[in-house]
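The numbering used here numbers the first residue of the first sequence as 48 and each following residue consecutively.
Just so you know, even glycine gets a beta-carbon here, dropped at the ideal spot from N, CA and C.
What you are looking at is a predicted structure, and each value in this text was computed from that prediction instead of being measured.
Contents: one structure, followed by commentary.
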Amino acid sequence: MTISKRQTSMRTHMCGEIGTSDVSQTVTVCGWVAKRREHGDKLAFVDLRDHSGIVQCVIDNAVDVRSEYVVKITGVVRPRPDGTVNANLSTGAVEIGECVVEVLRSAEPPPFPVDARADDVDENVRLQYRYIDIRRERMQKNLRTRAKVNSAVRTAMENQGFVEVETPMLVPSTPEGAREFLVPSRKEPGSFYALPQSPQLFKQLLMVAGIDRYYQIARCLRDEDLRADRQYEFMQLDAEMSFVNQDDVLAAISEAVIAAAESVTGVKPDPIQRITWREAMERFGVDKPDLRFGMELTELTAIFSSTEFKAFTGAESIKGIRVEGKAEEFGRNKLDALTDRAKKMGAKGLVWLKVAADGTLESPVVKFLSADEQAKLISTLQAAPGDLLLIVADEWSMTCEVLGTLRNDLGRPPVHQGPYRYVWVTEFPLFVGVDKETGQPKPGHHPFCQPHPEDLDKFETDPMSVRSLAYDLVLNGWELGSGSIRIHEPEMQRRVFTALGISEEEANRKFGFFLKPFTYGAPPHGGFAFGLDRLVAILAGEENIREVIAFPKTQSGQDPMTNAPTRAENKQLDELGIRVLPPKV
RNA sequence: GGUCUCGUGGUGAAGUUGGAGUUCACGCCGGCCUGUCAAGCCGGAGGUCGCGGGUUCGAGUCCCGUCGGGACCGCCA
């Protein structure tokens, strides 16, 4: 039993752990009154709750205890009388009788029921009274799941020789990447620290420093708009290793993720499969594929190589998805909505076809397709009567992205719904897109990422096709985290900066403190970071990371409980040399 | 920055074609009740329908604005 560890001077047992083996023992439990059921002056039932569960206490005299009073009850454990066992309660076979009740603290009635009914309460109210919300079984379970994951991750990393090193929270601002939180310097008015978006620079310097294997359960901060899977501050398992290749990193991180999952679910996940970025885009149209369902993108370009259908002629890439059995369900309105969705993403259009009962195709565009094209379309997509077929013809990346989005819209289950499908996505492109202002390529991951050794010859001639040694870990369509093998040679770093259009002067100004150490002997190294909030949410069966964070912010970045952020006193601002502009009209 | 959506006693909801702050469940307060268990019965209190403006004889309901919550897009190297 775990009871002894939780025994204190005030209690002998936890409420939820009392069972038939304790019968006839005198016990003392402490907790909150979950429910009181009175039957006149001579009998009352009090359900007492602590984080372990609920136990029924039988009171034989009048006592004024109400919802959420904090009480200490001493009594004798006894089996419940025949016919009064409560199968819905883990302690339902027994009760505590002959109770002596001591009220430790009275309480106002709670603003919402402290049980599963509060799942329906406005989240803002739950957050305003988070300390009551957390009394509930769901939140207790979620926070304890989180602790289990943290613990399993730590153990897994320690077992592999990783050393925990804490990196600073007050760091220099690096304008690339996510928007940062700034902290004014009092000693040097006008100067600012930034709160770290990640320990990226420091952990690489720890490799230069010979730590060899670093990890940290690190708080990271990004001042970007919030979402179901994003908070201003979030926790990452951050790790970095020296003298490794990509396989070494993936193996080490997999170990931690698998340990975390097993600690919560009790089931050890299979080895995590891998897919290249290119294949993920080809088959799923996204770089964070959800492998739990089919509806994969099917290549159709060859079929329409000499088509008469103008929308398809000359298209770089034509792909389709088969939405099984949905032909009837999708009337004109829904199809128009899908088309709008595709167009808003930048596609020229969306072609839809329905497979009729006799196996023929029905669509406004079917008259433009030859019999041969129609036959090949049906066979390639393995279409059957009742299916809806969606086709996009555009540039390769547009075709993939649009169909990938439609695939998720039409088929993706809630993120926490089993099974858990982990996947490593490797070989991300080194550069993604072009900066609108400078016309230079933008880094796909970050500018310290090692280019793929097979693509070095294309570096200057065709930079957009250069792959990198960067990789993401994806679970059920959520990006858990990403990492890469880093550049450790200053010459290679210069090449990448040049490709990004960053001059030597600019590089030294922005990253000087980071680049100089690399001239003193940097080992080959690589690392990874994955978001613990997201992993815990999925493992806890939640689809919102706020449910696994004790005190999260709302979508607008506020805390309804503390009212943060609050206005600063003028005195504080004066000391910091800061003046606040009047609000914009 | 944008699209969509929600806002009605402490909580969750309903509120029809614009016709009195109306209704339901839970909670709360008081009473009754010796085996209940999200107890039962009786009684009671509790609301500036988020806020502001407009249309109207009359607005929870229609219109405009605004504030707040949520989902998503942008953004998140």
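**Request:** Please classify N397: does DSSP put it in a helix, a strand, or coil?
**Result:** In the first sequence, counting from the first residue as 1, residue 397 sits at position 350. Reading the sequence as shown, one finds Leu at residue 397 and not Asn. L397 falls in the coil class under three-state DSSP.
**Prompt:** Which residues mark the beginning and the end of the beta strand (DSSP E) in which L178 is found?
**Reply:** Looking up residue 178 in the first sequence gives position 131. Contrary to the premise, residue 178 reads as Tyr rather than Leu in this sequence. Segment R177 to D180 is the alpha helix (DSSP H) holding Y178; no beta strand (DSSP E) there.
**Prompt:** Does the beta-carbon distance from G258 to F575 come in below 7 Å?
**Reply:** The count along the first sequence starts at 1 and reaches residue 258 at position 211. The count along the first sequence starts at 1 and reaches residue 575 at position 528. It should be pointed out that residue 258 corresponds to Ile in this sequence rather than to Gly. Not closer than 7 Å, so no.
**Message:** Considering Cα atoms alone, identify which of Q278, T473 and E420 is closest to R514.
**Reply:** Translated into positions along the first sequence, residue 514 becomes position 467. When only C-alpha atoms are compared, the closest one is T473.
**Item:** Reduced DSSP secondary structure (H/G/I, E/B, other) of E376
**Value:** Residue mapping note: residue 376 aligns to position 329 of the first sequence, counting from 1. In the structure shown, the three-state DSSP call for E376 is coil.
**Item:** Distance CB(R533)-CB(Q251) smaller than 7 Å
**Value:** Counting from 1 along the first sequence, the entry for residue 533 is found at position 486. Counting from 1 along the first sequence, the entry for residue 251 is found at position 204. Here R533 is near Q251, since their CB atoms are less than 7 Å apart.
**Message:** Under 8 Å, with one C-beta from each stretch per pair, do the segment 295-310 and the segment 597-604 reach the 3-pair mark?
**Reply:** With the cut-off at 8 Å, the segment 295-310 and the segment 597-604 do not touch.
**Message:** Considering just the uninterrupted stretch of the alpha helix (DSSP H) at R233, what are its terminal residues?
**Reply:** Indexing the first sequence from 1 puts residue 233 at position 186. R233 -> no alpha helix (DSSP H), and no H or E assigned at all.
**Request:** With a 10 Å radius around its C-beta and 16 neighbouring C-beta atoms as the bar for buried, classify F495 as buried or exposed.
**Result:** Reading the first sequence from its first residue, position 448 is the one you call residue 495. Buried is the call here.
**Asked** I120 and G63 look like a contact to me (Cβ under 8 Å); what is the Cβ gap, rounded to whole Å?
**Response** Residue numbering aside, residue 120 sits at position 73 when the first sequence is read from its first letter. Residue numbering aside, residue 63 sits at position 16 when the first sequence is read from its first letter. Actually they are not in contact, since the Cβ atoms of I120 and G63 sit about 14 Å apart, beyond 8 Å.
**Message:** For S364, count the other beta carbons within 10 Å of its own beta carbon; 16 or more makes it buried, fewer makes it exposed. Which is it?
**Reply:** Counting from 1 along the first sequence, the entry for residue 364 is found at position 317. Buried is the call here.
**Prompt:** Quick one: is K618 buried, meaning 16 or more other Cβ sit within 10 Å of its Cβ, or exposed?
**Reply:** Position 571 of the first sequence, counted from the start, is the residue given in the question as residue 618. Exposed, because fewer than 16 other Cβ atoms sit within 10 Å of the Cβ of K618.
**Asked** Sorted by chain position, which residues of the same chain lie with C-beta nearer than 7 Å to R182's C-beta, five sequence neighbours on each side aside?
**Response** The sequence position of residue 182 within the first sequence is 135, counting from 1. Cβ within range, chain order: W79 and V161.
**Asked** DSSP state of P476, grouped into three classes?
**Response** Within the first sequence, the letter at position 429 stands for residue 476. Of the three classes helix, strand and coil, the one that applies to P476 here is strand, per DSSP.
**Asked** Cα-Cα, which of E371, R468 and D294 is closest to Q429?
**Response** Position 382 of the first sequence, counted from the first residue, corresponds to residue 429. Closest by alpha carbon: E371.
**Asked** Given 8 Å as the limit, is there contact between the segment 571-589 and the segment 434-450, that is, 3 or more CB pairs closer than that?
**Response** Proximity of the segment 571-589 to the segment 434-450 falls short of the contact definition, fewer than three beta-carbon pairs being nearer than 8 Å.
**Asked** Under the DSSP definition of a beta bridge, which residues are partnered with S515?
**Response** Position 468 of the first sequence, counted from the first residue, corresponds to residue 515. Residue pairing for S515: DSSP places it in a beta bridge opposite P498.
**Message:** Below 8 Å, how does it come out for the segment 399-407 and the segment 330-345: are there three or more Cβ pairs, yes or no?
**Reply:** Flag = no, the segment 399-407 and the segment 330-345 do not touch.
**Message:** Can you tell me whether T360 is helix, strand or coil according to DSSP?
**Reply:** Looking up residue 360 in the first sequence gives position 313. In the structure shown, T360 falls within a coil segment according to DSSP collapsed to helix, strand and coil.
**Message:** Using DSSP's beta-bridge definition, name the partner residues of A440.
**Reply:** In the first sequence, counting from the first residue as 1, residue 440 sits at position 393. According to DSSP, A440 bridges with I365.
**Prompt:** Is DSSP giving V112 helix, strand or coil here?
**Reply:** Along the first sequence, read from residue 1 onward, the residue named residue 112 stands at position 65. Under the three-state reduction of DSSP output, V112 falls in the coil class, being neither helix nor strand.
**Request:** Note down the Cα distance separating T49 from V150, rounded to an integer number of angstroms.
**Result:** Locating residue 49 in the first sequence gives position 2, where the first residue counts as 1. Locating residue 150 in the first sequence gives position 103, where the first residue counts as 1. With a pLDDT of only 49 at T49, under the threshold of 50, the placement of this residue in the model should not be trusted, and no figure is reported.
**Prompt:** Looking only at its own chain, which residues have a Cβ that is under 8 Å from the Cβ of V591, when we skip the five neighbours before and after it?
**Reply:** Within the first sequence, the letter at position 544 stands for residue 591. The question names Val, but residue 591 in the sequence shown is Asn. Only residues of its own chain outside the window of five on either side were considered, and among them A275, D276 and A584 have a CB closer than 8 Å to the CB of N591, listed in chain order.
**Prompt:** Identify the residues that DSSP records as bridge partners of S550: which are they?
**Reply:** As a working mapping, residue 550 is identified with position 503 in the first sequence. DSSP, once it has assigned bridges, lists no residue as partnering S550.
**Message:** With H, G and I counted as helix, E and B as strand and the rest as coil, what does DSSP make of T73?
**Reply:** Here the question's residue 73 lines up with position 26 in the first sequence. In this structure, T73 counts as strand in the three-state DSSP scheme.
**Request:** Spell out the partners DSSP gives M282 in its beta bridges.
**Result:** By 1-based counting over the first sequence, the position of residue 282 is 235. R266.
**Message:** Among R626, Q244 and L217, whose alpha-carbon lies nearest the alpha-carbon of G224?
**Reply:** Stepping through the first sequence from its first residue, residue 224 is reached at position 177. When only C-alpha atoms are compared, the closest one is Q244.
**Prompt:** When DSSP labels each residue in this structure, what does R96 get in the three-state scheme?
**Reply:** The residue labelled residue 96 in the question sits at position 49 within the first sequence. DSSP places R96 in strand when its eight states are reduced to three.
**Request:** Flag this pair as touching only if the segment 523-532 and the segment 452-465 have three or more C-beta atom pairs under 8 Å; answer yes or no.
**Result:** With three or more CB-CB distances shorter than 8 Å, the segment 523-532 counts as touching the segment 452-465.
**Prompt:** Among residues of its own chain, excluding the 5 on either side of S289, which ones have a beta-carbon nearer than 6 Å to its beta-carbon?
**Reply:** Here residue 289 refers to the residue found at position 242 when the first sequence is read from its first residue. The answer, listed in chain order, is M254, D259, P570 and H572.
**Collapsed DSSP secondary structure at K600 in the structure displayed** = By 1-based counting over the first sequence, the position of residue 600 is 553. Shown here, K600 sits in coil according to DSSP, grouped into three states, outside any helix or strand.
**Prompt:** Do you know offhand how far D270's Cα is from R233's?
**Reply:** If you number the first sequence from 1, residue 270 lands on position 223. If you number the first sequence from 1, residue 233 lands on position 186. Each residue's alpha carbon lies about 22 Å from the other.
**Asked** How big is the Cα-Cα spacing for P460 and R164?
**Response** Against the first sequence, residue 460 aligns to sequence position 413. Against the first sequence, residue 164 aligns to sequence position 117. If you take the alpha carbons of P460 and R164, they lie about 24 Å apart.
**Item:** 6 Å CB neighbourhood of L623 in its chain, flanking five on each side removed
**Value:** On the first sequence, position 576 is the one that residue 623 refers to. Counting only Cβ-Cβ distances below 6 Å, and skipping sequence neighbours, we find P231 and R233.
**Request:** Mind checking who G315 pairs with in its DSSP beta bridge?
**Result:** Taking the first residue of the first sequence as position 1, residue 315 is located at position 268. Note that residue 315 is Lys in the sequence shown here, rather than Gly. Residue pairing for K315: DSSP places it in no beta bridge.
**Prompt:** Can you list, in chain order, the residues of its chain whose CB lies under 6 Å from that of V304, leaving out five sequence neighbours each side?
**Reply:** Walking along the first sequence from the start, residue 304 turns up at place 257. The beta carbon of V304 is closer than 6 Å to none in its chain, skipping five residues each way along the sequence.
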